[in-house]
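Trainee:
Residue numbers (mature numbering (1 follows the signal peptide of the UniProt record, and there is no 0)): -29 to -1, 1 to 144.
1) Identify, in the order they occur along the chain, each residue of the same chain with its Cβ nearer than 6 Å to the Cβ of residue 88, setting aside the five sequence neighbours on each side.
2) Please tell me whether residue 38 and residue 28 are closer than 7 Å, where the distance is taken between their beta carbons.
3) Could you tell me which residues DSSP pairs with residue 104 in its beta bridges?
4) Ignore the nearest five residues each way along the sequence and tell me which others in residue 91's own chain have a CB closer than 6 Å to its CB.
5) For residue 85, which of helix, strand or coil comes out of DSSP?
6) Should residue 138 go down as buried or exposed, given a rule of 16 or more other Cβ atoms within 10 Å for buried?
7) Between the C-alpha atoms of residue 118 and residue 58, what's the straight-line distance to the nearest angstrom?
8) Considering residue 13, what are the terminal residues of the alpha helix (DSSP H) in which it resides?
9) Going by C-alpha distance, which of 10, 140 and 13 is nearest residue 79?
10) Nearest CA to the CA of residue 16: which residue from 93, 48, 133 and 112?
11) Which term fits residue 136, buried or exposed, when burial requires 16 or more other beta carbons within 10 angstroms of its beta carbon?
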């Protein structure tokens, strides 16, 4: 009986020692993300977000978003500076990220996709068919909610600078 009492803990220790690396490896292993086109509901939701932010800007300032990067970034910044959109208004902050994302998509030849991984489902910008993604929907909201007041143009520029070096130079430039 004493022999079994001594042997059992040693046996359990050996067993746990061999299982621990397997468990740790499984925990560290990640499935590759699933990339899909935007669904009808995604497109509808994004259209509604753009429209609501457009309406807000028109009511406050008598102007909307034009697709001109400089002008639209200034309008986004003004919405923040005048606290028309507050740091606790996640939905509007993410709508602002969407508008900024549309500018990035146009300027960098990117397109909207659904990016799903073990952390969840997100709308992201993808550069061509590469594995290079930006997540502009939360670029403004996460910063503002954390008290970071980095100007919108700087957030835009940081994102732009990540993708720009990957772009194929056009001939004769």
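A virtual CB, placed ideally from N, CA and C, is assigned to each residue, including glycine.
Mentor: Quick answer:
1) 4
2) no
3) 97
4) none
5) strand
6) exposed
7) 8 Å
8) 11 to 32
9) 140
10) 93
11) exposed
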